[in-house]
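Asks: Could you have a look at this structure, given as C-alpha coordinates, before my questions?
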Amino acid sequence: AILPLYVTVCLYFGGLFIVFDKIPKGWEWFSWTSFMRYSWGAFMVNNYAGTKLDQIPVFFDSNGNPKTVLEFYGMYDGPIMDSVGACLGLLTGLTILFAVCGVLCL
6 AILPLYVTVC
16 LYFGGLFIVF
26 DKIPKGWEWF
36 SWTSFMRYSW
46 GAFMVNNYAG
56 TKLDQIPVFF
66 DSNGNPKTVL
76 EFYGMYDGPI
86 MDSVGACLGL
96 LTGLTILFAV
106 CGVLCL
(Lines of atoms letter the chains of each structure in order from A and count residues from 1; the text may use other names and numbers.)
(Lines give C-alpha, C1' and ligand atoms only; values in the text may rest on other atoms or scores of the structure.)
Protein backbone atom coordinates (compact mmCIF):
# COMPACT_ATOMS: atom_id res chain seq x y z
CA ALA A 1 0.00 0.00 0.00
CA ILE A 2 2.97 2.32 0.45
CA LEU A 3 4.46 1.72 -3.02
CA PRO A 4 1.97 3.98 -4.90
CA LEU A 5 2.72 6.78 -2.45
CA TYR A 6 6.47 6.34 -2.95
CA VAL A 7 6.15 6.34 -6.76
CA THR A 8 3.98 9.49 -6.64
CA VAL A 9 6.54 11.28 -4.50
CA CYS A 10 9.28 10.15 -6.90
CA LEU A 11 7.28 11.62 -9.79
CA TYR A 12 7.14 14.99 -8.06
CA PHE A 13 10.78 15.15 -7.02
CA GLY A 14 12.18 13.34 -10.07
CA GLY A 15 11.65 16.37 -12.29
CA LEU A 16 8.46 15.35 -14.04
CA PHE A 17 5.99 17.61 -12.21
CA ILE A 18 8.36 19.95 -10.38
CA VAL A 19 11.37 21.09 -12.43
CA PHE A 20 14.72 20.67 -10.69
CA ASP A 21 15.21 24.42 -10.19
CA LYS A 22 11.91 24.68 -8.29
CA ILE A 23 12.45 21.79 -5.86
CA PRO A 24 12.69 23.18 -2.31
CA LYS A 25 16.26 23.25 -0.95
CA GLY A 26 15.41 20.88 1.89
CA TRP A 27 14.13 18.24 -0.56
CA GLU A 28 16.93 18.33 -3.14
CA TRP A 29 18.59 15.30 -1.56
CA PHE A 30 15.47 13.21 -2.22
CA SER A 31 15.50 13.96 -5.94
CA TRP A 32 18.97 12.40 -6.18
CA THR A 33 17.63 9.14 -4.69
CA SER A 34 14.63 8.97 -7.03
CA PHE A 35 14.76 6.31 -9.73
CA MET A 36 12.41 8.46 -11.82
CA ARG A 37 15.00 11.23 -12.04
CA TYR A 38 17.54 9.07 -13.84
CA SER A 39 15.15 7.18 -16.12
CA TRP A 40 13.37 10.39 -17.16
CA GLY A 41 16.71 12.21 -17.50
CA ALA A 42 18.10 9.53 -19.82
CA PHE A 43 14.93 9.68 -21.90
CA MET A 44 15.03 13.48 -22.19
CA VAL A 45 18.74 13.66 -23.05
CA ASN A 46 18.38 10.87 -25.60
CA ASN A 47 15.53 12.66 -27.35
CA TYR A 48 16.54 16.32 -27.10
CA ALA A 49 20.35 16.48 -26.94
CA GLY A 50 21.82 18.46 -29.80
CA THR A 51 18.59 20.19 -30.77
CA LYS A 52 18.55 23.90 -31.44
CA LEU A 53 15.98 26.47 -30.41
CA ASP A 54 14.39 26.62 -33.85
CA GLN A 55 13.95 22.83 -34.16
CA ILE A 56 11.62 22.25 -31.21
CA PRO A 57 8.97 24.17 -29.29
CA VAL A 58 10.67 26.82 -27.21
CA PHE A 59 10.24 27.44 -23.53
CA PHE A 60 10.86 30.83 -21.96
CA ASP A 61 12.40 31.74 -18.62
CA SER A 62 11.04 34.43 -16.30
CA ASN A 63 12.89 37.14 -18.24
CA GLY A 64 11.41 36.07 -21.59
CA ASN A 65 14.62 34.52 -22.91
CA PRO A 66 14.15 31.35 -25.02
CA LYS A 67 15.35 28.03 -23.58
CA THR A 68 15.61 24.56 -25.04
CA VAL A 69 13.67 21.68 -23.51
CA LEU A 70 16.73 20.40 -21.64
CA GLU A 71 17.58 23.85 -20.28
CA PHE A 72 13.99 24.34 -19.11
CA TYR A 73 13.95 21.05 -17.21
CA GLY A 74 17.46 21.56 -15.79
CA MET A 75 19.14 18.68 -17.57
CA TYR A 76 22.47 20.52 -17.76
CA ASP A 77 23.33 20.10 -14.08
CA GLY A 78 26.82 18.77 -14.66
CA PRO A 79 28.22 15.48 -15.85
CA ILE A 80 25.40 13.29 -14.54
CA MET A 81 22.13 14.66 -15.88
CA ASP A 82 23.42 15.50 -19.35
CA SER A 83 24.75 11.98 -20.00
CA VAL A 84 22.57 9.00 -20.91
CA GLY A 85 25.26 6.58 -19.73
CA ALA A 86 25.59 8.24 -16.32
CA CYS A 87 21.81 8.29 -15.83
CA LEU A 88 21.50 4.61 -16.75
CA GLY A 89 24.47 3.71 -14.56
CA LEU A 90 22.97 5.42 -11.53
CA LEU A 91 19.57 3.90 -12.30
CA THR A 92 21.21 0.45 -12.32
CA GLY A 93 22.94 1.23 -9.03
CA LEU A 94 19.67 2.30 -7.41
CA THR A 95 17.95 -0.83 -8.68
CA ILE A 96 20.64 -3.02 -7.13
CA LEU A 97 20.51 -1.03 -3.87
CA PHE A 98 16.71 -1.36 -3.64
CA ALA A 99 16.94 -5.10 -4.45
CA VAL A 100 19.55 -5.64 -1.71
CA CYS A 101 17.43 -3.71 0.78
CA GLY A 102 14.40 -5.82 -0.20
CA VAL A 103 16.30 -9.06 0.28
CA LEU A 104 17.64 -7.93 3.66
CA CYS A 105 14.12 -7.05 4.82
CA LEU A 106 12.89 -10.59 4.15
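Per the working numbering, residue 6 is the first one in the sequence shown, and the count goes up by one each step.
Each residue gets a CB set at the ideal place from its N, CA and C atoms; glycine is no exception.
Since PRO71 sits in a beta bridge, which residues does DSSP pair it with?
Replies: In the sequence shown, the residue the question calls residue 71 occupies position 66. In the DSSP output, where bridge partners are listed per residue, PRO71 has PHE65.
Asks: Is THR38 helix, strand or coil by DSSP?
Replies: What you label residue 38 is simply residue 33 of the sequence shown in a count that begins at 1. Looking at THR38 - three-state DSSP - the assignment turns out to be coil, as it is neither helix nor strand.
Asks: Enumerate in chain order the residues of its own chain whose CB-to-CB distance from PRO71 is below 8 Å, with the five nearest sequence positions on each side excluded.
Replies: For the purposes of this step, residue 71 is taken as residue 66 along the sequence shown, with counting starting at 1. Result list for PRO71: LEU58, VAL63, PHE64 and PHE65, in chain order.
Asks: Could you tell me the distance, in whole angstroms, from the CA atom of LEU75 to the CA atom of ASP26?
Replies: What you label residue 75 is simply residue 70 of the sequence shown in a count that begins at 1. What you label residue 26 is simply residue 21 of the sequence shown in a count that begins at 1. So the alpha carbons of these two residues sit roughly 12 Å apart.
Asks: With a threshold of 8 Å, are at least 3 pairs of Cβ atoms found where one atom belongs to the stretch 38 to 46 and the other to the stretch 89 to 109?
Replies: As far as the Cβ criterion goes, the stretch 38 to 46 touches the stretch 89 to 109, which means the pair count is three or higher.
Asks: Are the beta-carbon atoms belonging to TYR78 and ASP87 less than 7 Å from one another?
Replies: Reading the sequence shown from its first residue, position 73 is the one you call residue 78. Reading the sequence shown from its first residue, position 82 is the one you call residue 87. No, these two residues do not count as a Cβ contact at 7 Å.
Asks: Which value, in whole angstroms, describes the spacing of the CA atoms of GLY90 and TRP37?
Replies: By one-based count along the sequence shown, residue 90 stands at place 85. By one-based count along the sequence shown, residue 37 stands at place 32. Their backbone Cα atoms lie some 16 Å apart in a straight line.
Asks: So which of LEU109, THR13, LEU111 and ASN68 has the shortest CA-CA distance to PHE35?
Replies: Position 30 of the sequence shown, counted from the start, is the residue given in the question as residue 35. The shortest C-alpha separation from PHE35 is found at THR13.
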